[in-house]
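Enquirer:
Number of protein chains: 2
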Amino acid sequence: MARAATTTDAFNAVAEPRRRDILNFLALQERSVSEIVDAMEMEQPSVSKHLKVLKDVGLVAARREGRQMLYRVNAAAIRPLWEWTNTFERMWRHQLARVKENAEKKSDW
Amino acid sequence: MARAATTTDAFNAVAEPRRRDILNFLALQERSVSEIVDAMEMEQPSVSKHLKVLKDVGLVAARREGRQMLYRVNAAAIRPLWEWTNTFERMWRHQLARVKENAEKKSDW
DNA sequence: TTGACATATTCCGATATGGGCATATATTTG
DNA sequence: CAAATATATGCCCATATCGGAATATGTCAA
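Quick mapping for you: the protein sequence lines, in order, are chains V and F.
Read in order, the letters of the first sequence correspond to residues 1 to 109 in the numbering used here.
Read in order, the letters of the second sequence correspond to residues 1001 to 1109 in the numbering used here.
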């Protein structure tokens, strides 16, 4: 088997740093492919391929405007990632609380 | 270049569904490798390899107890993922709000 | 239609992957 | 030390990747 396909789910799609860069950029506003190319300093085919992956997993949506394709983030598709990480949120809160507690105990000394 | 190395960062490590399964399992409590093997229904070498990846990126920590190795989640290492996804949280809140608004407009009709 | 611009797709090569299997290492027990 | 248990590592293979380069597709303008 080898590694799971990137196009499978959002977790895989987002594992690629370039794709996170693109999502970060699109978070600000809808952008054309060439705007992304300029901003990311990547080759246009690379950008188009990454956009295809992101689109396939639903992380972005696109619409045509004349010759351009305008891409935007579909934030809802990111939500499951947030929810998964969020299940660990309580854990790190506890861990931080414990660190703080220990620090206070020491300073009481 | 090919794909970025899995061991590079938490995003890549977590892209593998099996590793998320393991983290979910460890979220409940510290576990030995064989407990993980039993719970996940995976071969022991596979589990050990996944654990190595998780450990290399700091997502889990381990301690030896006799012949066993006990693994636990290092929640703090998941926090960057949460923070990244969280930057999109406002977006999906807006999107949902808009959907709700439209629904209400329709029902006013 | 032809040409220019914007984007997508295809083919290639190098490489990292994950599973299966065998085996090595570490620890306890006799 | 030897045997048993628990875990880690090494090797092989099939495969999914990413980037680069060339090319195909789509859209507008003259």
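Every residue, glycine too, gets a C-beta built ideally from N, C-alpha and C.
Just so you know, these numbers come straight off a predicted model, no measurement behind them.
Return the residues of the region 1053-1075 of chain F that lie within a Cβ-Cβ distance of less than 9 Å from chain V, sorted by chain order.
Expert: Going along the region 1053-1075 of chain F in chain order, one finds Val1073, Asn1074, Ala1075 with a Cβ nearer than 9 Å to chain V.
Enquirer: According to the Cβ coordinates, are asparagine 30 of chain V and tyrosine 71 of chain V closer than 8 Å?
Expert: Here the question's residue 30 of chain V lines up with position 30 in the first sequence. Here the question's residue 71 of chain V lines up with position 71 in the first sequence. With the sequence shown as reference, residue 30 of chain V is identified as glutamate, and asparagine is not the correct amino acid for it. Cβ distance < 8 Å, so glutamate 30 of chain V and tyrosine 71 of chain V count as in contact.
Enquirer: Name, please, each residue of chain F whose Cβ falls closer than 7 Å to the Cβ of glutamine 95 of chain V.
Expert: The sequence position of residue 95 of chain V within the first sequence is 95, counting from 1. Here the neighbours are Ala1075, Ala1076.
Enquirer: List the residues of chain V that glutamate 1089 of chain F touches, going by C-beta distances under 7 Å, in chain order.
Expert: In the second sequence, counting from the first residue as 1, residue 1089 of chain F sits at position 89. Within chain V, the residues near glutamate 1089 of chain F are Trp82.
Enquirer: Does any residue of chain V have a CB that is nearer than 8 Å to the CB of asparagine 1102 of chain F?
Expert: Taking the first residue of the second sequence as position 1, residue 1102 of chain F is located at position 102. No, asparagine 1102 of chain F does not count as interfacial toward chain V.
Enquirer: What in chain V is Cβ-close to phenylalanine 1011 of chain F, meaning under 8 Å?
Expert: Here residue 1011 of chain F corresponds to residue number 11 of the second sequence, with the count starting at 1. Here the neighbours are Val14, Ala15, Pro17, Arg20.
Enquirer: Would you identify the three-state DSSP class for methionine 1001 of chain F, choosing helix, strand or coil?
Expert: As a position in the second sequence, residue 1001 of chain F is number 1, starting the count at 1. Caution applies to methionine 1001 of chain F, whose pLDDT of 49 falls short of 50 and renders its modelled position unreliable; the value that the coordinates give is listed next. Methionine 1001 of chain F: coil per DSSP, three-state reduction.
Enquirer: Which of the three DSSP states, helix, strand or coil, is assigned to glutamine 1095 of chain F?
Expert: As a position in the second sequence, residue 1095 of chain F is number 95, starting the count at 1. Looking at glutamine 1095 of chain F - three-state DSSP - the assignment turns out to be helix.
Enquirer: Can you name the residues that DSSP bridges to valine 60 of chain V?
Expert: If you number the first sequence from 1, residue 60 of chain V lands on position 60. Bridge partners of valine 60 of chain V: V/Val73.
Enquirer: On the CB-based measure, 16 or more other CB atoms within 10 Å of its CB, does alanine 75 of chain V come out buried or exposed?
Expert: Here residue 75 of chain V refers to the residue found at position 75 of the first sequence. By the 10 Å Cβ count, alanine 75 of chain V comes out buried.
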